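Asks: In my numbering, the protein residues as written are 2 to 143.
Glycine included, C-beta positions come from ideal geometry on N, C-alpha and C.
Just so it is clear, the structure is predicted and the values come from calculations on it, not from any experiment.
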């Protein structure tokens with residue numbers, strides 16, 4: 002469960018955003034987040050700020066971005082806050098969760114109730130990156 006910082010992928014980072022609650026790595030066409038242990042991730046306290054910062058860097062509302070949640074730490078999130086994300090006219094090209102524990106996948110099932118596209122689940126970062134890089138080559142389930 003290595004952070005992106007400790008992988009060969011790190012050399013492709015366009016911008017690294019470091020927050021008290023976690024780190025966000027902006028790449029060309031996708032974003033990877035690593036939220037810190039014990040955080041209760043919410044729209045008002047966390048996601049809104051990240052989205053504003055990433056939007057400023059990428060100059061898009063997310064419709065051309067894939068978001069990967071790299072869950073190397075145990076944290077919780079407020080799944081119904083996805084409704085606030087969409088209410089504010091944000092969107093994503095794709096959303097993937099890299100989870101190393103069974104609980105992470107259970108949480109993803111709950112998140113999927115509020116997210117309007119299919120959430121892809123991966124057991125390691127390399128699988129997720131392969132999906133991101135082949136995203137435009139195959140038809141993706143919506």
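Could you give the distance in angstroms between the alpha-carbon of residue 98 and the alpha-carbon of residue 15?
Replies: Within the chain shown, residue 98 is the residue found at index 97, counting from 1. Within the chain shown, residue 15 is the residue found at index 14, counting from 1. Roughly 21 Å separates the two Cα atoms.
Asks: Got a sec, what are the start and stop residues for the beta strand (DSSP E) residue 99 sits in?
Replies: As a working note, residue 99 is residue 98 in the chain shown. Taken as a continuous stretch (DSSP letters only), the beta strand (DSSP E) holding residue 99 covers 95-100.
Asks: Does the count of Cβ pairs from the segment 62-69 and the segment 36-47 closer than 8 Å reach three?
Replies: no
Asks: Is residue 47 buried or exposed, if buried means 16 or more other CB atoms sit within 10 Å of its CB?
Replies: Within the chain shown, residue 47 is the residue found at index 46, counting from 1. The residue is buried, with at least 16 neighbouring Cβ atoms inside 10 Å.
Asks: With respect to 8 Å, is the separation between the Cβ of residue 72 and the closest non-hydrogen atom of the ligand NAD below this value?
Replies: The ligand NAD is absent from the structure shown, which contains no ligand whatsoever.
Asks: Report the residue from 58, 22, 69 and 40 whose alpha carbon sits nearest the alpha carbon of residue 130.
Replies: To locate residue 130, count along the chain shown from 1; it is residue 129. If we check each option's Cα against that of residue 130, 69 comes out closest.
Asks: How far does the alpha helix (DSSP H) with residue 49 in it extend, from its first residue to its last?
Replies: If you number the chain shown from 1, residue 49 lands on position 48. Run containing residue 49: 49-59, per the alpha helix (DSSP H) assignment.
Asks: Considering only the beta carbon of each residue, do residue 42 and residue 76 sit closer than 9 Å?
Replies: Taking the chain shown and counting its residues from 1, one reaches residue 42 at position 41. Taking the chain shown and counting its residues from 1, one reaches residue 76 at position 75. Remark: C-beta atoms of residue 42 and residue 76 approach each other more closely than 9 Å.
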